[in-house]
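What follows is a set of notes on a single structure, which appears directly below.
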Amino acid sequence: MEVTRVKQRAYIKISVLRGRNEMECDSEFVEALGNNALPYRPVVRWVGKFQQKRVSTSDEQRSGRPGSVRTNLTGAVIEQLMDEDRRSRQQRKIQKRTTNALSCQLYVYCVVILLHREGHIALYTAVIN
């Protein structure tokens, strides 16, 4: 069972209302959650906030660049860019295959001409597909 940060903060809030301090909250988290517990410093910060009568357990809005912004418009733009990139990669693959095939045909043609000039083979047809 995963205990989210917000749920752990709610537990800190209840513990502060019961009169527990930072060390007690942290030791209870480590005992119950092990490596999934909040680190000690955030526990201390949240205990301080709840002792100062903070009510909310969720993060407050902050100014600056958001961690992620996902709207329908940005999702559509991202999807379109990915489709365009996918199409251009497919076109490059096709172009590369065509270029490889043409260079291979040219190489074979040159080898045939050289072998004919040296007298090793006789040309019966001039059609190379």
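All residue numbers for the sequence shown refer to full-length UniProt numbering, where the first residue is 1 and numbers rise by one.
Quick reminder that beta carbons are idealized off the backbone N, C-alpha and C, glycines included.
Can you give me the start and stop residues for the alpha helix (DSSP H) that residue i sits inside?
{"i": "E60", "result": "Unbroken run through E60: none, as it is neither H nor E."}
{"i": "V16", "result": "5 to 17"}
If we count the other Cβ atoms within 10 Å of its Cβ and call it buried at 16 or more, is residue i buried or exposed?
{"i": "residue 139", "result": "This structure gives no information on residue 139, because the portion of the chain shown stretches from 1 to 129."}
{"i": "L38", "result": "buried"}
{"i": "D85", "result": "exposed"}
{"i": "Y109", "result": "exposed"}
{"i": "S88", "result": "exposed"}
{"i": "D83", "result": "exposed"}
{"i": "S15", "result": "buried"}
{"i": "I12", "result": "buried"}
{"i": "C104", "result": "exposed"}
{"i": "V77", "result": "exposed"}
{"i": "V47", "result": "buried"}
{"i": "E22", "result": "buried"}
{"i": "V111", "result": "exposed"}
Under three-state DSSP, which class holds residue i?
{"i": "R20", "result": "coil"}
{"i": "P42", "result": "helix"}
{"i": "V47", "result": "helix"}
{"i": "Q52", "result": "coil"}
{"i": "H120", "result": "coil"}
{"i": "G34", "result": "helix"}
{"i": "E28", "result": "helix"}
- For the segment 73 to 97, which segments carrying the beta strand (DSSP E) assignment without a break, of at least 3 residues, lie completely within its bounds, in sequence order? none
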